[in-house]
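Novice: I'd like to ask you about the structure that follows.
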Amino acid sequence: MRIGKDFYQKDVLEIAPLLLGKFLVRRFEDGRLEKRKITEVEAYGGQEDLASHARFGKTLRNKVMWERGGLVYVYFVYGMYWMFNITTGKRGKPQAVLVRSVEGVEGPGRLGKWLALDKSFYGEDLTKSNRIWLEDGELENFKIKKLERVGVAYSGSWAKKKWRFILEK
DNA sequence: GGGACGATTGAA
DNA sequence: TCAATCGTCCCA
């Protein structure tokens, strides 16, 4: 079953670990359907989180973070990679979860490539889209590992927060 | 308008 | 260890 709107409206720190084990589904233009379990995510909070793109306030790139939860936030980095994020929380509170890995595709850059992301995915509604959405996982007892976020050393004490969640086998 | 750099990766 | 590679953001 596709995950509905309500799921995404809670706080990012509550949602991020819940995303582990859920299925990320993608229907490509040629009709091919891929469905993989999410295995690694990172939570990014509001303007107070100095590791978050929201730290400088609303800009053209990050404005979708201020919208309600359940939308796609994609952005381009290092001149070659599209990062896949999911907005969370209520409208007006900038939050997002970076999906770093799914089963068999490790690393946010590789995931973006595998999903064939581009600018057109910006703001896409995961509860309505016919090309990308999330589905419920199986009922299992997962072990979750919490680690520091990657690549955010510039954010001082915020870099020490263990807001990266990994599905343990 | 200019310059520095990034929520990364793969090759040397 | 470092190049690839370019959009975004800060500052002037």
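Residues in the first sequence are numbered consecutively from 0, following numbering that gives the first Met the number 0. Backbone N, C-alpha and C fix where the C-beta goes; we use that ideal spot for every residue, glycine too.
Beta-carbon within less than 6 Å of residue 93's beta-carbon, same chain only, minus the 5 sequence neighbours each way: which residues are those?
Specialist: Within the first sequence, residue 93 is the residue found at index 94, counting from 1. Cβ within range, chain order: 45, 53, 64 and 65.
Novice: Specify whether the segment 106-118 and the segment 3-22 touch according to this definition: at least 3 beta carbon pairs, one from each stretch, less than 8 Å apart.
Specialist: Touching, no, given that fewer than three Cβ pairs across the two stretches are closer than 8 Å.
Novice: What are the start and end residues of each continuous beta strand (DSSP E) run of 3 or more residues lying completely inside the segment 3-49, in chain order?
Specialist: Counting whole runs of 3 or more residues, the segment 3-49 contains the beta strand (DSSP E) stretches 22-26 and 32-43.
Novice: Name the two residues that bound the continuous alpha helix (DSSP H) containing residue 138.
Specialist: What you label residue 138 is simply residue 139 of the first sequence in a count that begins at 1. Premise fails: residue 138 is in no alpha helix (DSSP H) and is neither H nor E.
Novice: Could you name the residues that DSSP lists as bridge partners for residue 146?
Specialist: Locating residue 146 in the first sequence gives position 147, where the first residue counts as 1. Partner(s): 163.
Novice: How many angstroms separate the CA atom of residue 32 from the CA atom of residue 8?
Specialist: Here residue 32 is taken as the residue at index 33 of the first sequence, counted from 1. Here residue 8 is taken as the residue at index 9 of the first sequence, counted from 1. Approximately 27 Å between the Cα atoms of the pair.
Novice: Grab the span of the alpha helix (DSSP H) containing residue 109 for me, first residue to last.
Specialist: The residue labelled residue 109 in the question sits at position 110 within the first sequence. From DSSP, the alpha helix (DSSP H) with residue 109 extends over 107-113.
Novice: How big is the Cα-Cα spacing for residue 172 and residue 84?
Specialist: Residue 172 falls outside the range modelled here, since the chain spans only 0 to 168, and no answer is possible.
Novice: Would the segment 68-84 and the segment 103-111 be scored as touching if the rule is three or more Cβ pairs under 8 Å?
Specialist: Contact between the segment 68-84 and the segment 103-111 is present, because at least three Cβ pairs lie under 8 Å.
Novice: With distances taken Cα to Cα, identify the nearest neighbour of residue 153 among 23, 26 and 49.
Specialist: By 1-based counting over the first sequence, the position of residue 153 is 154. For residue 153, the nearest C-alpha among the options comes from 49.
Novice: Note the first and the last residue of the continuous beta strand (DSSP E) segment covering residue 84.
Specialist: Taking the first residue of the first sequence as position 1, residue 84 is located at position 85. Taken as a continuous stretch (DSSP letters only), the beta strand (DSSP E) holding residue 84 covers 80-86.
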